[in-house]
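Line by line, the protein sequences give chains D and B. For the first sequence, the residue numbers in our numbering are 48 to 396. For the second sequence, the residue numbers in our numbering are 103 to 389. Positions of the beta carbon are idealized from the N, C-alpha and C atoms, including for glycine. Predicted, not measured: the structure shown is a model, and the values here were computed from it. What follows is one structure encoded as structure tokens, with my remarks underneath.
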Amino acid sequence: MNRKLPREERTLSERQATWSVRAKVGANEALTLARPADYGHGTSGRPARQAGLWHWMRSHQRQAILLAFVVPALTYVILFFAYPLIYGFTMSVEKIGFIGQSGPYIGLHNYRVEINDPVTREALIDTAIFLVASLFFQFTIGLGIASYFSRRFFLSGFLRSLIIIPWLFPPIASGTIFAIMFAGQGGIIDETLLSLHLISSPIFWFDSAFKAMFVIIFVNIWIGIPFNAVLLYSGLQDIPNELREASALDGASVWQRFRYITVPLLRPVSLIVIMLGIIYTVKTFDLVIVLTNGGPDNGSQLMSTWAYTLAFQNFETGQGAAVANMLFIFCMIVAFFYIRATRREVAVA
Amino acid sequence: MNVRRRMGLFWHRRARRFALPIGGLVITGLMLLPIYFTIESSLAPSSSFQALSQSLVPSHFVLSNYRLAFDEESGSIVTSLLIALGAVVLSVGIALPAAYGLTKLGYLKSRAVISVAIIVLLVTQMVPGISLTLAFYKVFFHLHLLNSIPGLILADSTNGMPFATLVLRAYMGSIPRELSDAAYVDGASEWRTFRSVIAPLAVPGIVTAGLFVFLFAWGDFLYAYTLTAGGNVTPLTKGILSFFTNNTVNWGGVLATVVLAAIPSGLILSFGQRYVMGGLRAGALKG
């Protein structure tokens, strides 16, 4: 409390200063507002609780006007995020078959069914593998490319801008390209491997869950590398060159410079890149639909596509909503850590 | 020792001159190989499956695949353009005043409001679309918004609006505070300050936010796929999928469509790279 008091006094006097400037300019309502009683709280002693919304609005007229600018965004967030999420939760505790119908309340039954469903478990494991493998390779390859291009050389700027191209393709387009490239008979990847005598007969990439997941992960890594490379490149640029030069003069090896200068200084950016990577990756939907459609035999379902399949194809909307909510809860756990990790950045910005 | 060191330096310089650009070319080439394959196949005269993989350099180029792609998907391209532009107008229209309000509230030291708003905006970006789309489907069903462009504009803005607000807020934070203070001292209302002082200055930020919203909506597949089920409104992403799954003969045509779908991104990369990079940094790093 003692710590807080001087700050409030300061804000109050600052505010009074602002009002008096306004009064000098000659706005009439500013004069009336400048009466200290209208503040309703602060060091003058009048308790804020008595004031009510109307008083608060009058005493904080500027804040109220500025909040009005935020109202459309707030409305949109309530209508298109809060409401659907709550609605999605109610769907998950009801017995709903076809998505257009509604059904009776059945508690957590859908969750129980889905946790015991082997497909859900496999989808959960596949999502985890997909996430870890994608992020690991996107990040390491991205970091490799970023550090390679952070040494300036002939064409480096031009090549750097070309590397972003895969990231700007709509994912469904990238998925289509690879679906054609990985096609089992006559696809360019099989043909190349055959002509190099690396394989003796065509590989049918989509006939086992393992191979199908491999392809999905491979494509997702390809899509994610540019994003990682671009952000890590800008992170590397922010590390002052003097640090590296000074340590080189002091006799630090390349590895030591990487380990003791680049890694710690790149940590904040890396954290953000990885967190954003988790968010983009866990939402992945289109790649699976175009590459495998969850097959063979639901072997390459992720949580997102499994929720879709349950709701829109198996007509088990309640269960689909339950799976979607499990995914949502996972994302919120990640979000919690993301916000904790970036709190400092948020405070600075 | 001295000689070795000198030789080392010599090779070091050599490496910088030649090896680095060559390595860079190899890395870029590997990354872009699928893109090359796509463009090459879409221009190749014969589009049968075998022919695609046999020659990496076609003998001559034809545009017949693109003609086919246009015949097949021109309606989808128009639909996607309308949806993406609508999403830009809606998202930026909501995000611009919100960013202004949040920036100015920051000046008034309303720390709590700002942190809550930013946390909400960050969290909304982390909500998986599949968790929203089931509810969207039911609500849109009752409001007759399924299979409609307005419905998809509303749904697609869930990707763009929070990001646009964060980018615009970061941008407005870099506009000197003195400008809006001066407008205030001159007796301008908040609305007038917003309209005549800050919004015109924020145009580069608006362009960045708009480009991203456009790309998000243009590339959206989840809502395009689920909220148009069985209908005749077909955004390009959904069009590519059905063209691909229904077509086992002409892969060249499918790949030509893929190239068409990448054109907006290509244009943005060529002409707006500055904005894209700025947006990436502002949206991702500054929170």
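From the listed residues 362/D, 117/D, 212/D and 363/D, the smallest Cα separation to residue 293/B is found for 117/D. Remark: fewer than three beta-carbon pairs, one from each stretch, lie closer than 8 Å, so the stretch 242-257 of chain D and the stretch 286-305 of chain D are not flagged as touching.
Within the stretch 341-370 of chain D, the residues whose Cβ lies closer than 9 Å to some Cβ of chain B are 350, 351, 352, 354, 355, 358, 359, 364, 367, 368 and 370, listed in chain order. In this structure, residue 337/D sits away from residue 345/B, with a CB-CB distance that is not shorter than 8 Å.
With respect to the 8 Å criterion, residue 365/D and residue 163/D are not classified as neighbours on the basis of their beta carbons. Residues of the stretch 202-228 of chain D that bring their beta carbon within less than 8 Å of a beta carbon in chain B comprise 202, 203, 206, 208, 209, 210, 211, 212, 213, 215, 216, 217, 218, 219, 220, 221, 223, 224, 225, 226, 227 and 228, in sequence order. The beta carbon of residue 251/B sits closer than 8 Å to those of 181, 184, 185, 188 and 335, all from its chain and outside the five residues before and after it, given in chain order. For the pair of segments examined, the stretch 353-370 of chain B was found to touch the stretch 214-222 of chain D: the number of CB pairs separated by less than 8 Å reaches three. Interface residue (Cβ-Cβ distance to chain B less than 8 Å): residue 119/D is classified as such. Residue pairing by DSSP places residue 141/D opposite 152/D in a beta bridge.
Taking 8 Å as the cut-off, the Cβ atoms of residue 201/B and residue 274/B count as close. Per the coordinates, the alpha-carbon of residue 121/B lies some 25 Å from the alpha-carbon of residue 306/D.
From the beta-carbon of residue 135/D, the residues of chain B found nearer than 8 Å are 233, 234, 236 and 237. Within the same chain, Cβ atoms closer than 7 Å to the Cβ of residue 347/D are found at 173, 256, 259, 260, 263, 335, 339 and 341, the five residues on either side in sequence being excluded. With respect to the 8 Å criterion, residue 362/D and residue 145/D are classified as neighbours on the basis of their beta carbons. The continuous stretches of alpha helix (DSSP H) do not include residue 299/B, and DSSP gives it neither H nor E. Look at residue 110/D: its C-beta is under 8 Å from a C-beta on chain B.
If one requires a minimum length of 3 residues, no beta strand (DSSP E) run lies completely within the stretch 103-140 of chain D. Residue range 166-209 is occupied by the alpha helix (DSSP H) that includes residue 207/B.
Contact annotation: in the stretch 321-333 of chain D, residues whose CB is within less than 8 Å of a CB in chain B are 323, 326, 329, 330, 332 and 333. Along the stretch 158-170 of chain D, there is no position whose C-beta sits under 8 Å from a C-beta of chain B.
Under the three-pair Cβ rule at 8 Å, the stretch 297-315 of chain D does not count as touching the stretch 302-311 of chain B. A contact is defined here as three or more CB-CB pairs under 8 Å, and the stretch 266-278 of chain D meets this definition with respect to the stretch 318-334 of chain D.
In the DSSP annotation of this structure, the continuous segment of the alpha helix (DSSP H) that includes residue 284/D starts and ends at 256-284.
Contact annotation for residue 196/B against chain D: 119, 120 and 123 [CB-CB distance below 7 Å, chain order].
With three or more CB-CB distances shorter than 8 Å, the stretch 117-128 of chain D counts as touching the stretch 216-234 of chain B. The beta carbon of residue 345/D sits closer than 6 Å to the beta carbons of 166 from its chain, once the five residues preceding and following it are set aside; these are given in chain order. Contact between the stretch 120-138 of chain B and the stretch 184-203 of chain D is present, with at least three C-beta pairs closer than 8 Å.
Straight through space, the alpha carbons of residue 253/B and residue 317/B are spaced by roughly 18 Å.
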